[in-house]
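Data first, discussion second: the structure below is written as structure tokens.
2 protein chains.
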Amino acid sequence: MDKKITIQDVAELAGVSKSTVSRYLNHGYISPEKTERVRAAISETGFKTNFFAKRLKTKRSQLIGVVLPRMDSVSVGKLLAGLSRALEPAGYQGIMLVSQLSVEKELMSIRSLIQQGVDGIIVDSVAITEEHLQIVEGAGIPIVFTGQQHPGLDCVKIDDYAAGRMMGAYLRQLGHRLAVFAGVTETDAAVGGDRRRGFQDAFLEAEDARVDFLQTGFGFLAAYNRAADILKLQPTVVACATDNISLGLLRYFHEMHIKVPEEISVTGFGGYDVGAVVYPALTSVFFDYELVGMKAASRLLRRLEGADEELDMEIPLFFIDRESVRAL
Amino acid sequence: MDKKITIQDVAELAGVSKSTVSRYLNHGYISPEKTERVRAAISETGFKTNFFAKRLKTKRSQLIGVVLPRMDSVSVGKLLAGLSRALEPAGYQGIMLVSQLSVEKELMSIRSLIQQGVDGIIVDSVAITEEHLQIVEGAGIPIVFTGQQHPGLDCVKIDDYAAGRMMGAYLRQLGHRLAVFAGVTETDAAVGGDRRRGFQDAFLEAEDARVDFLQTGFGFLAAYNRAADILKLQPTVVACATDNISLGLLRYFHEMHIKVPEEISVTGFGGYDVGAVVYPALTSVFFDYELVGMKAASRLLRRLEGADEELDMEIPLFFIDRESVRAL
DNA sequence: CTGTTAGCGCATTCAG
DNA sequence: CTGAATGCGCTAACAG
Chain E
898 MDKKITIQDV AELAGVSKST VSRYLNHGYI SPEKTERVRA AISETGFKTN FFAKRLKTKR
958 SQLIGVVLPR MDSVSVGKLL AGLSRALEPA GYQGIMLVSQ LSVEKELMSI RSLIQQGVDG
1018 IIVDSVAITE EHLQIVEGAG IPIVFTGQQH PGLDCVKIDD YAAGRMMGAY LRQLGHRLAV
1078 FAGVTETDAA VGGDRRRGFQ DAFLEAEDAR VDFLQTGFGF LAAYNRAADI LKLQPTVVAC
1138 ATDNISLGLL RYFHEMHIKV PEEISVTGFG GYDVGAVVYP ALTSVFFDYE LVGMKAASRL
1198 LRRLEGADEE LDMEIPLFFI DRESVRAL
Chain P
898 MDKKITIQDV AELAGVSKST VSRYLNHGYI SPEKTERVRA AISETGFKTN FFAKRLKTKR
958 SQLIGVVLPR MDSVSVGKLL AGLSRALEPA GYQGIMLVSQ LSVEKELMSI RSLIQQGVDG
1018 IIVDSVAITE EHLQIVEGAG IPIVFTGQQH PGLDCVKIDD YAAGRMMGAY LRQLGHRLAV
1078 FAGVTETDAA VGGDRRRGFQ DAFLEAEDAR VDFLQTGFGF LAAYNRAADI LKLQPTVVAC
1138 ATDNISLGLL RYFHEMHIKV PEEISVTGFG GYDVGAVVYP ALTSVFFDYE LVGMKAASRL
1198 LRRLEGADEE LDMEIPLFFI DRESVRAL
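Structure representation (structure tokens):
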């Protein structure tokens, strides 16, 4: 294994100076003849420009840090797809860290990324804290958030409140009056807060309507375990804060021989394929996370270029009417 | 934003030399008094050691590159969990790239990682080609593979052939004689090759048994679309190469009012929670990908330390008997 | 225990 | 268009 080939070695082999090789590698203002000699020398030696030396010099890494809450989620996958679709053409590469839904780990990841010299960061956040603000302030690089929102921060996000309203209004119009909202902790201001509030506000526009809240986690196992408690409340519909939660419930209901939607309706949020594969197929609100990813990346790119105009960060929502809800 | 604080600035503020600060940051063989002064100076300036300069000097990045085939997969999530569980305590951090199931992208990712100076790489490969061998040879850093196997390469992998056999034998013993194996391309030597072959070999140990092969993709949508073709073969059981494939089929059968397992049995491979949430719950073979991740990381760590002994890379398999198969 | 001295490999002035 | 010279910020001998 041919160890360390430096730009120097290439220069000598090509009979030119280091600077010429460097120019070849970058702007490339050199004579055709030398261009060829350098090219040959490089391919012969298998030279690879040293990443660290280059970055030390240029102060730019062409690296974008990406902090994700988890890996086993369709939406995260979509988000990522959107991100790389925008980042790659611009010559940037993403390096990702996973926070495992922990605010602490998220913070650590952001710090670590900054320290590692990435040019910018995209955080699919689980919750934005005071510390986030401080870090962003002292970061020296642009950071854009997704998943959560906070005044003063650059955020690209679906309108959780509107999504909640969409579902709430739909169920109300179908005649439902007694709902349980199976949600997550309020710590998650977007999903645990806005989405739920939107749902309640719209659903409760019917005079005699009522929404009970039951907290669970993001996994469907947690939801499955809460199902019995939900049933005690005897709702006509249980609106779940995420598709995953719905899946856990659906499974429980199936095991208990409770027919969905005949005996109880169930809805989710997210609208991905898994919801289509279960029985009954899940009625949900579709979030285009791929679009979110693209917009977040575009936003970051824009800031990297120095521009700072606000651009349209609107993400459309689509209602997906499938089989898990019945009209009363 | 306080611009660039270097180790020099800290040294001056603390009234010591750069080396002393550097020592404080690293081995730390300095007097208590100066230790304190340096500590103070650092926290006052908010100094952060420059990653690139440090790496340029030390030649080690403490970074492990991780190449993943996709994000939206439970097994990948588990694998990742296992990886970081082993990597983090050792002071390493993972940077991941996604190949999107493309061999080309996988190759590119590996190259890019090497070029970026990671200390080692773990590749959850979709297929190992000649080019992989070449890259590994010239990499200059340890690379361990997962998901696929190849002589001469460091691989940590479940025994796909054994898993296939396990399922094949099970179905045979239950009296099934006509199976369709819904698999993936042979390009994937592990899943498309070994797993299928194992299944066939075990299933065909019954004299009058027969296995038809039908190719599909990794997504359940692809499987869903192949379902009609599978039915034409009139099998008593369809063994799917992955749980995901099973899900697509289950959905189709449900829509066609074909009862599983009464009219047709379905099995998967993977054994994760999703399989438990669908109806009927999926009979499968469980792969402990988290263990795979841990072992792969341990292996890499070992090689990073220079050791090169073979260690036990055995990954146990567990049969998960649920509801989607009936005895004939 | 500590300061001084050298580079790590590269991009970039600055003169030709 | 090209080569020589100069650090980027840091760590690691090397002498104290």
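In the order they appear, the protein sequences are chains E and P.
Residue numbers for the first sequence follow this note's numbering, beginning at 898 and rising by one.
Residue numbers for the second sequence follow this note's numbering, beginning at 898 and rising by one.
From the three backbone atoms N, C-alpha and C, an ideal C-beta is built for every residue, glycine too.
Asked, Found
"Chain E within 7 Å of Met968 (chain P), Cβ atoms only", "yes"
"Beta-carbon proximity check, Arg1148 (chain P) vs Leu1179 (chain P), cutoff 7 Å", "no"
"Under 7 Å between C-beta atoms of Phe1215 (chain E) and Phe1183 (chain E)", "yes"
"Element boundaries [beta strand (DSSP E), containing Gly1090 (chain E)]", "Run containing Gly1090 (chain E): none; DSSP gives neither H nor E here."
"Positions along the region 925–949 of chain E whose CB lies within less than 9 Å of some CB in chain P", "Gly943, Lys945, Thr946, Asn947, Phe948, Phe949"
"Start-to-end residues for the alpha helix (DSSP H) that takes in Met1153 (chain P)", "Unbroken run through Met1153 (chain P): none, as it is neither H nor E."
"Whole-number beta carbon distance between Arg1223 (chain E) and Glu1159 (chain E), since they are thought to touch under 8 Å", "7 Å"
"C-beta neighbour in chain E for Val971 (chain P), strict 7 Å", "yes"
"Rounded straight-line distance, which links the Cα of Ala1087 (chain E) to that of Gly1044 (chain E)", "7 Å"
"Exposure label - Gln905 (chain P); buried when at least 16 CB within 10 Å", "exposed"
"Delimiting residues of the beta strand (DSSP E) encompassing Phe1110 (chain E)", "1107–1112"
"Assumed close pair Ile968 (chain P), Leu977 (chain E) - CB separation to whole angstroms, cut-off 8 Å", "As written in the sequence, residue 968 (chain P) is Met, which differs from the Ile given in the question. That pair is a contact at about 5 Å."
"Length-filtered (4 minimum) alpha helix (DSSP H) runs lying within the region 943–996 of chain E", "948–955, 971–984"
"Residues that Ser1181 (chain P) contacts on chain E, provided the C-beta gap is smaller than 9 Å", "The premise fails here: Ser1181 (chain P) is roughly 16 Å from chain E at the closest Cβ pair, so nothing lies under 9 Å."
"Spatial distance of Asn1122 (chain E) from Arg1199 (chain E) (CA atoms)", "45 Å"
"Integer-rounded CB distance, given that Gln1097 (chain P) should sit under 8 Å from Phe1078 (chain P)", "7 Å"
"Residues near Gln997 (chain P) in its chain [Cβ-Cβ closer than 7 Å; skip 5 each side]", "Arg967"
"Proximity to Ser972 (chain E) [Cα-Cα], best of E:Ala1125, E:His1029, E:Asp1170", "E:Asp1170"
"Assigned secondary structure, Gly1049 (chain E) (DSSP; H/G/I helix, E/B strand, else coil)", "coil"
"Reduced DSSP secondary structure (H/G/I, E/B, other) of Phe1115 (chain E)", "coil"
"CB of Gly962 (chain E) within 7 Å of CB of Val1015 (chain E), strictly", "yes"
"Coil, strand or helix - Asp1057 (chain P) by DSSP", "helix"
"Contact with chain P by Tyr921 (chain E), beta-carbon distance below 7 Å", "no"
"Unbroken beta strand (DSSP E) run spanning Leu1214 (chain P), endpoints", "1214–1217"
"Host beta strand (DSSP E) of Ser1022 (chain E) (start-end)", "No beta strand (DSSP E) contains Ser1022 (chain E), which DSSP labels as neither H nor E."
"Alpha carbon of Ala1106 (chain E) to alpha carbon of Ser970 (chain E), nearest angstrom", "33 Å"
"Simplified DSSP state of Gly1167 (chain P), which is helix, strand or coil", "strand"
"contact_flag[the region 950–961 of chain E, the region 1017–1024 of chain P] where n(CB pairs < 8 Å) is 3 or more", "no"
"Leu980 (chain P) versus Gly1037 (chain P) - alpha carbon distance", "21 Å"
"Proximal chain E residues relative to His1151 (chain P), where beta-carbon distance stays under 8 Å", "Tyr1176"
"Residue-level contact to chain P via CB, Phe1117 (chain E), 7 Å cutoff", "yes"
"For Lys975 (chain E) and Glu1102 (chain E), the rounded distance between their alpha carbons", "34 Å"
"Check whether Ala1193 (chain E) and Val964 (chain E) have beta carbons under 7 Å apart", "no"
"Inter-residue Cα distance where the pair is Leu1118 (chain P) and Glu1206 (chain P)", "44 Å"
"Nearest candidate by alpha-carbon position, reference Ala938 (chain P), set P:Val913, P:Arg952, P:Phe948", "P:Val913"
"Test item: CB-CB of Ser1162 (chain P) and Gly1172 (chain P) under 7 Å", "no"
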